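Note that the protein sequences, when read in sequence, are chains A and B. Sequential numbering of the first sequence, starting at 151, is according to the numbering used here. Sequential numbering of the second sequence, starting at 1014, is according to the numbering used here.
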Amino acid sequence: MMCIAVFFLVFIFLFQDNMNGYQMAVNYKTFGRWVACSESDKLKDNPYLTETYSVTRGSKIYTLWPLKHEFREDGIARDIDVWHIKEEDRENLRENIYGNRSDTSRFSGGYIGTFSPGMAEHNHIELAEGRFPENDNEIAMERSVLDALGQGAEIGSEISFYIAKFDDAAMLRLLIKRYLASVRGETDESIDKSIVYDYDVTTIQGRNEMYLVTYKLVGIVERYSSRWDTDMSRGERGEMPAAFLTPEEFNRLEMSNRKYRFFDLKPEYESSEVWHLAEELMDDIDNSKAYENVSYALNRNAYNNPLWGNSEMYRSVTVLLTVISTCIIAYLMANYLGKRRRFFMRMREIGATTADVWKMAAYECVGSVIPVAALTFVAAYIVSAIVVFIVGRATGVGFFYVFSLKTMIMIIAEAAVTIGASLLAALAIFGGRSLSEKNKALSKPAVKRIKKRVSFKSRKKNAYIGLLETLKRDRIAYRLKNRLLMVISILICAIIAFCAVKTYEPVVNYIDVEENYPDFRGETLVPIRSVDIRVPIEPFYDGHQMVKYIRRRWNGEGLANKFGIYTNVAESIDSMPGMVSVDWRADDFTHFVTFEGKDEDVFFGAYFDTFLRNNQPLHGQYELNTTHLLAHYFVTAMERDLYGIFTKRNAEEYWERYAEYLDAEVADYDAFTRGEQVIAVVDTDMIRAIQSRNYGDYYGSVKSVEGMIPDRGTDAGETWYGYKPSFKAGDKITVLCRNDEKVEVTVAGIVPLAKAGLKAEDERFLNLFGSDGFMQRICDADGVGRSYNSFEADLDVISPRERVVNDLVNICADSRVKYENNVVKKFEAREDMLRSIITYGFFGLILAVMFFFVLACIAKDEEVRLGAKYIILSRFGMTVGRMKKEKRLDAVRRVIPLVLAFPVQIIIRFVSDFKYYVDDIGQYAASFAEGGNSDVHPSLYVLKVLWGCASPALTVTVVAVFVVIYWIIVSRMDTEWIKDGEKHHE
Amino acid sequence: MSELEYVMRAKGISRVYKGEVPVYALKNTNIDFKKGEFTAIIGKSGSGKSTLLRILATLDRSDTGELWIEGKDVLKASDKELAQFRRRRIGYVYQDYNLFPEYTSYENIVFPIHLDGRTEDPDHIENLLNKLGIEHCRNKFPHEMSGGEQQRVSIARALAASPAVILADEPTGNLDVENATKVAEILRFCCDEFKQTIVMVTHDNGIAGYADRIVRIVDGVVSEEA
């Protein structure tokens, strides 16, 4: 037992210390080791800081990119102008600057720079390949910049790029504006065109603002410049260089530069709790008036994220573990010496003095317990060293330490104090008491309480005393020990629950990110929900005339399928190496639809009647927004819903997803693929609500048409007619295209909106699912090229993702496609998950295993003690079955307090993320005080926050599992031992 | 004497403890106990007297023979039946008292009754306390009483359920001469006053003299009756 307890103590301490070291090492590797960064050297006046290294950043790295003025058939121009110059100005530039060539500079995303010796090693600027430059013609560069330059990334290859003497974007933009103003004649100022751009490589050296340089690539740098938090206190961002030259070569280049100084803690303040000191120091710097006028960046990312969330929490958990392990060892010592009490009493009987007894007890502890503890200490140290070594190698993080004098001294001192204190406590039990006192288990206050209860009970007729009462009274006799064990158990359970939560959340986040976020997503920038139909004021007599105009004369400027990503671009994306899958999608809600062949004139005429009655022309025309129009003027909810078209290339996904709603007699996948069938998603709840109301009143005073039925109500003497709403699989949908073209499809099945599983932004609009073939038919009918609105791409995990992503980024920029790059997000989610599993997950698991093992040993010990009692009870006629039942009931009573671990876990979690929760509550309270929209009082909001940070479902599960295991252990009973117990007892 | 007058009858009881060298604790023992009789079983250490007492108390099973208590063959009963039997028909007095330290005297005395799911008769218990001279110990805990008082509480506990027989295993073994004598007198008193059948194991011939009958065991054999 002592071995186990000491092993527990040592392993947990060392593991926690190393896990914190691992956490810090990961932080250093990701964010650098520096504490502060500034162009000013004022920070070196700080008594805790010392200036260590520096980085000097020069010009941006530019590439030239052809400016293409190709116009598509449909009149959309592509441009890749970094500064978003208007089309007419672009024409001016093209004519006046470029002549036959049209080049513009393009920022690659990186800067050139150099660093002082030691900077890279100390702050973990690491190389993926090669080495840092040693000669003046060499360069090392981040891969993202290499990809942006598009020149290949082989070590030894030649890399050329442009640098500018002054690369301030604002200044260049100013120059452009001034130049354009000059060209237009808006100013008399004459601007030399060659200042703005340079297009002739051979004439630029030494004379112009930008010039070409060429180096040999000797190293590829791991991405760091975009990770480091170098946002300066006075607003700007301290951009770090993504490419490195030797200092000599750097100084030779003619360009503006900025030197960033890095500051670390002075060596004398480096300790295992460096993060705590750094965190406090950063707060002091932020609050100090001495640095008010200094622009600096603080590396909070590296130091504000130790194990357990923050420094206070880390210390608290360390103290907690110390207390727990102290209590366990103290318990074991007291237990051990308690068993030896009879022996020492016998010693007294044969003539030993109290002092002799004390010496004997002390010698036993020193002679037997401490050597065992020492050996276990060594064993535990070796085991934990092996574990952290393996973890360090597996994760590639070099945090592993073999020997930390401070930690060892702390453990040894703690164990020594514990053993000593336990010894004294145990000796005090039997030191100088009378030998005739056999059992001093009950304290005087406990005796008083029992007597009170006894006198009360004796007044009762049926004062029952059973095993439960016996066990309860038995635990009164060992109240302190049992209470201690319970408190320890609650704390350990809470810590394990906390570790479970801290592990679970990153895992869930990773799964969520992997499932719901593609590696890369692109979406057309064109807003397709704005005004898209302009109908000039014509002598429209009624809505029918308006319908005719829209159908026949509308040029379809607002057609969504005119602004997509065209098939040639889609094909180039599809064929990019490293692409696992690309899911293309086209959305369209700019087409009207009718159904069941209903007369469109009738169908829409009344709508526009109403529209004309309720709307005024604007700027000489009626501006219709199809979405708005359709939402307000359709007859029934069914028809209102039937206007959104959504097609995907992998239509199979939806066919399978909605399979249960497809009509077996109608649905045909091949027809679906050809675009002859669609799946409709309809809000059946809304339909039911609409059906209970008048359904025909929007049709107006139309003569009865076949199929229409009179409405229930009338308006101004007119009879209103409408269609009885019905919509089913097999119905025909007609998409109204340009120039009187139509595309007819059959409904293969109807899916209730609530079951469709659409994203929120899609629910309102999109509910006709079709295949690629369907959209192709519509585009053919409209006479436009086939395109897509968006795509989602998943990349191969093996391929160089950064390169692929950069290519995608360039294509999206070329095609005016908004993009979302989730590769970094997914990578970080994965890293976060692994880190949490290694730290919190592993720690919690070890803690649980060790604790339950110790608990099992304690329970076994207690069983031996209680076994004697059970034998007596057996003699009185208590059956084994009854004893088992009572023992289990008693175990239930003992484990019930463990539910307190739930609120304790809340407290731990709250303290761990204290700043975040306090900020959240503070903001809410401020908003509430200002009369915001919140109805909940801040005091109740606090409860909501506390409940939220408890992660209730997971915590309850963990606590429940813990309680069950605990119960199993404490209720264990060896009936065979009881039966044979007579022999053991005697 | 008819069967009804015998509280306990043991015939052909043998008990062997198996091991590398088997130990024959009892060899074909025959012994009967009459109702209201005080019997002392004496013998040296290792003679088998405690083994005999445990078998009579149904705490152990003999390898051979029969044991009849109040006309019932207990050796054929199940564990559950035996437990019930021990609760209701047998009172046991231990050498080291075996009182529960966390119960008062009164609670220790009524414990077997409650264990059986019954409620005690307070008058009966008070009578016992008075007769045994321990009424002043009613609300005391064991560690607040002397050895003699504790043993008397133990005897009261054995009597409380009005058992068929009381089995006392070296009841005076831990007592000084004065208290040992008192306890022996009390047992004698119980036998006379309550007509209680008592079987007492002792190695003290003086204490054995309080019994109506002395049985000697030598090497597992009931060798003579005096």
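Think of the CB as a built atom: it goes at the ideal place given N, C-alpha and C, for glycine as much as any other residue. What you are looking at is a predicted structure, and each value in this text was computed from that prediction instead of being measured.
(message) Tell me which residue opens and which closes the beta strand (DSSP E) that Trp734 (chain A) is part of.
(response) Walking along the first sequence from the start, residue 734 (chain A) turns up at place 584. Note, Trp734 (chain A): beta strand (DSSP E), 729-738.
(message) So Pro1184 (chain B) contacts chain A; which residues on that side make the cut at Cβ distance below 7 Å?
(response) Here residue 1184 (chain B) refers to the residue found at position 171 of the second sequence. Neighbours of Pro1184 (chain B) on chain A: none; closest Cβ ~15 Å, over 7 Å.
(request) With a 10 Å radius around its C-beta and 16 neighbouring C-beta atoms as the bar for buried, classify Arg703 (chain A) as buried or exposed. (result) In the first sequence, residue 703 (chain A) corresponds to position 553, counting from 1. Because Arg703 (chain A) carries a pLDDT of 48, less than 50, the predicted location of this residue cannot be relied on, and the following value inherits that uncertainty. Exposed, by the Cβ-count rule.
(message) So within the stretch 1084-1157 of chain B, which uninterrupted alpha helix (DSSP H) runs reach at least 4 residues, ignoring any that extend past its ends?
(response) Taking only runs of at least 4 residues, the alpha helix (DSSP H) segments lying wholly in the stretch 1084-1157 of chain B are 1092-1102, 1118-1128, 1135-1144.
(request) Have a look at Met1033 (chain A) and Ala1174 (chain B) and give me their C-alpha separation to the nearest angstrom. (result) What you label residue 1033 (chain A) is simply residue 883 of the first sequence in a count that begins at 1. What you label residue 1174 (chain B) is simply residue 161 of the second sequence in a count that begins at 1. One C-alpha to the other measures close to 21 Å.
(request) Say whether the stretch 1057-1077 of chain A touches the stretch 1010-1020 of chain A, bearing in mind that this needs 3 or more beta-carbon pairs closer than 8 Å, one atom from each stretch. (result) A contact between stretches requires three or more CB pairs, one per stretch, nearer than 8 Å, and the stretch 1057-1077 of chain A fails this requirement with the stretch 1010-1020 of chain A.
(request) Specify, as a first and last residue, the run of the beta strand (DSSP E) that Gln827 (chain A) falls within. (result) Here residue 827 (chain A) refers to the residue found at position 677 when the first sequence is read from its first residue. Annotation for Gln827 (chain A): the continuous beta strand (DSSP E) segment containing it runs 827-832.
(message) Quick check: is the beta carbon of Thr1029 (chain A) nearer than 8 Å to any beta carbon in chain B?
(response) Translated into the one-based positions of the first sequence, residue 1029 (chain A) becomes position 879. Yes, because at least one Cβ of chain B sits closer than 8 Å to the Cβ of Thr1029 (chain A).
(request) With DSSP collapsed to three states, give me the class of Asn1181 (chain B). (result) Residue mapping note: residue 1181 (chain B) aligns to position 168 of the second sequence, counting from 1. Strictly speaking, residue 1181 (chain B) in this sequence is Ala, with Asn absent from that position. Reduced to three states, the DSSP call for Ala1181 (chain B) is strand.
(request) Within 10 angstroms of the Cβ of Gln1164 (chain B), are there 16 or more other Cβ atoms? Answer buried if so, exposed if not. (result) Sequence index remark: in the second sequence, residue 1164 (chain B) carries index 151 (1-based). Answer is buried; the Cβ neighbour count reaches 16.
(request) Give a yes or no on whether 8 Å exceeds the smallest Cβ distance from Ile536 (chain A) to chain B. (result) Working through the first sequence from its first residue, we reach residue 536 (chain A) at position 386. Interface annotation, Ile536 (chain A): not in contact with chain B, CB-CB separation never under 8 Å.
(request) State yes or no: is the beta carbon of Leu1188 (chain B) nearer than 8 Å to at least one beta carbon in chain A? (result) Start at 1 with the first residue of the second sequence, and residue 1188 (chain B) comes out as number 175. No, Leu1188 (chain B) lies away from the interface with chain A (no Cβ there is under 8 Å from its Cβ).
(request) Return the first residue and the last residue of the alpha helix (DSSP H) that Leu945 (chain A) is part of. (result) Counting from one through the first sequence, the residue named residue 945 (chain A) turns up at place 795. For Leu945 (chain A), there is no enclosing alpha helix (DSSP H); the residue is found in the beta strand (DSSP E) stretching over 940-945.
(request) For the beta strand (DSSP E) holding Asp1030 (chain B), just list the boundary residues, first then last. (result) The residue labelled residue 1030 (chain B) in the question sits at position 17 within the second sequence. In the sequence on display, residue 1030 (chain B) carries Tyr and not Asp. Membership of Tyr1030 (chain B) in the beta strand (DSSP E) is indicated by the continuous run 1019-1030.
(request) Answer yes or no: does any C-beta atom of chain A fall closer than 8 Å to that of Gln1097 (chain B)? (result) The residue you call residue 1097 (chain B) lines up with position 84 of the second sequence. Yes - at least one Cβ of chain A is within 8 Å of the one on Gln1097 (chain B).
(message) If I measure Cβ to Cβ from Asp350 (chain A) and keep anything under 7 Å in the same chain, skipping five residues before and after, which residues do I get?
(response) Locating residue 350 (chain A) in the first sequence gives position 200, where the first residue counts as 1. Its pLDDT being 34, under 50, Asp350 (chain A) is placed unreliably in this model, and the coordinates cannot settle the point.
(request) For Ala979 (chain A), collect the residues of the same chain with a Cβ closer than 6 Å to its Cβ; drop the 5 residues on either side in sequence, then sort them by chain order. (result) Mapped onto the first sequence, residue 979 (chain A) falls at position 829. Taken in chain order, the residues that qualify are Asn659, Tyr660, Val663.
(request) Would you identify the three-state DSSP class for Pro283 (chain A), choosing helix, strand or coil? (result) Working through the first sequence from its first residue, we reach residue 283 (chain A) at position 133. Three-state DSSP puts Pro283 (chain A) in coil, outside helix and strand.
(message) Comparing C-alpha positions only, which one of B:Val1036, B:Tyr1019, B:Lys1024 sits nearest to Asp1232 (chain B)?
(response) As a first step, residue 1232 (chain B) must be located in the second sequence, where it is residue number 219. For Asp1232 (chain B), the nearest C-alpha among the options comes from B:Val1036.
(message) By alpha-carbon positions, which one of A:Ile1118, A:Phe1026, A:Phe1112, A:Val507 ends up nearest to Leu1172 (chain B)?
(response) As a working mapping, residue 1172 (chain B) is identified with position 159 in the second sequence. For the residues A:Ile1118, A:Phe1026, A:Phe1112, A:Val507, the minimum Cα distance to Leu1172 (chain B) belongs to A:Phe1026.
(message) Is it buried or exposed, Ala530 (chain A), if we count other Cβ atoms within 10 angstroms and call 16 or more buried?
(response) For the purposes of this step, residue 530 (chain A) is taken as the residue at position 380 of the first sequence. So Ala530 (chain A) counts as buried.
(request) Sort B:Val1123, B:Tyr1116, B:Leu1112 by Cα distance to Arg1101 (chain B) and report the nearest one. (result) One-based indexing of the second sequence puts residue 1101 (chain B) at position 88. Per the Cα distances, B:Val1123.
(request) Would you mind sorting Lys812 (chain A) into buried or exposed? The rule is 16 or more other CB atoms within 10 Å of its CB. (result) Sequence index remark: in the first sequence, residue 812 (chain A) carries index 662 (1-based). First, the residue type needs correcting, since residue 812 (chain A) is Leu and not Lys in the sequence shown. Leu812 (chain A) should be labelled buried.
(message) Taking the alpha-carbon of Gly280 (chain A) as reference, which of A:Trp1097, A:Ile1071, A:Ile289 has the nearest alpha-carbon?
(response) The sequence position of residue 280 (chain A) within the first sequence is 130, counting from 1. Of the listed residues, the one whose Cα sits closest to Gly280 (chain A) is A:Ile289.
(message) Taking the beta strand (DSSP E) that Glu970 (chain A) belongs to, which residues open and close that run?
(response) Along the first sequence, read from residue 1 onward, the residue named residue 970 (chain A) stands at position 820. From DSSP, the beta strand (DSSP E) with Glu970 (chain A) extends over 967-971.
(message) Could you give the first and the last residue of the continuous alpha helix (DSSP H) run that contains Met1000 (chain A)?
(response) Translated into positions along the first sequence, residue 1000 (chain A) becomes position 850. Counting along the chain, the alpha helix (DSSP H) containing Met1000 (chain A) begins and ends at 992-1025.
(message) So Leu997 (chain A) and Ile642 (chain A) are supposed to be a Cβ contact under 8 Å. How far apart are they, rounded?
(response) Counted from its first residue, the first sequence places residue 997 (chain A) at position 847. Counted from its first residue, the first sequence places residue 642 (chain A) at position 492. Leu997 (chain A) to Ile642 (chain A), Cβ: 6 Å. Contact.
(message) Assuming Arg1067 (chain B) is part of the alpha helix (DSSP H), what are its boundary residues?
(response) Numbered from its first residue, the second sequence carries residue 1067 (chain B) at position 54. Here the alpha helix (DSSP H) through Arg1067 (chain B) covers 1062-1069.
(request) With a threshold of 16 other CB atoms inside 10 Å of the CB of Tyr1223 (chain B), please say whether the residue is buried or exposed. (result) Counting from one through the second sequence, the residue named residue 1223 (chain B) turns up at place 210. Flag for Tyr1223 (chain B) reads buried.
(request) Pick out whichever of A:Tyr804, A:Asn449, A:Ala817, A:Asn972 has its Cα sitting closest to the Cα of Asn177 (chain A). (result) Translated into positions along the first sequence, residue 177 (chain A) becomes position 27. Just measuring C-alpha positions, the residue of A:Tyr804, A:Asn449, A:Ala817, A:Asn972 sitting nearest Asn177 (chain A) is A:Asn449.
(request) Quickly, what does DSSP pair Thr1215 (chain B) with across the bridge? List them, please. (result) The count along the second sequence starts at 1 and reaches residue 1215 (chain B) at position 202. Partner(s): B:Ile1055.
(message) Using 8 Å for Cβ pairs, my map puts Val444 (chain A) next to Ser188 (chain A). What's the rounded Cβ distance?
(response) Position 294 of the first sequence, counting from 1, holds the residue named residue 444 (chain A). Position 38 of the first sequence, counting from 1, holds the residue named residue 188 (chain A). Going by Cβ atoms, the distance from Val444 (chain A) to Ser188 (chain A) rounds to 6 Å, so yes, they are a contact pair.
(message) Assuming Ala314 (chain A) is part of the beta strand (DSSP E), what are its boundary residues?
(response) One-based indexing of the first sequence puts residue 314 (chain A) at position 164. Looking at the DSSP string, the run of the beta strand (DSSP E) that includes Ala314 (chain A) is 308-314.
(request) Give, in chain order, every residue of the stretch 1112-1137 of chain B whose Cβ lies closer than 8 Å to some Cβ of chain A. (result) Those residues of the stretch 1112-1137 of chain B that come within reach of chain A (Cβ to Cβ, closer than 8 Å) are Phe1113, Pro1114, Glu1115, Tyr1116, Thr1117, Tyr1119, Glu1120, Val1123, Phe1124, Pro1125, His1127, Leu1128, Asp1129, Thr1132.
(request) Use the C-beta contact count for Thr1132 (chain B): other C-beta atoms within 10 angstroms, 16 or more gives buried, fewer gives exposed. (result) The sequence position of residue 1132 (chain B) within the second sequence is 119, counting from 1. Thr1132 (chain B) should be labelled exposed.
(message) Distance cutoff 8 Å, beta carbons only. Does Lys1093 (chain B) sit that close to anything in chain A?
(response) Here residue 1093 (chain B) refers to the residue found at position 80 when the second sequence is read from its first residue. Between Lys1093 (chain B) and chain A, the shortest Cβ-Cβ separation is below 8 Å.
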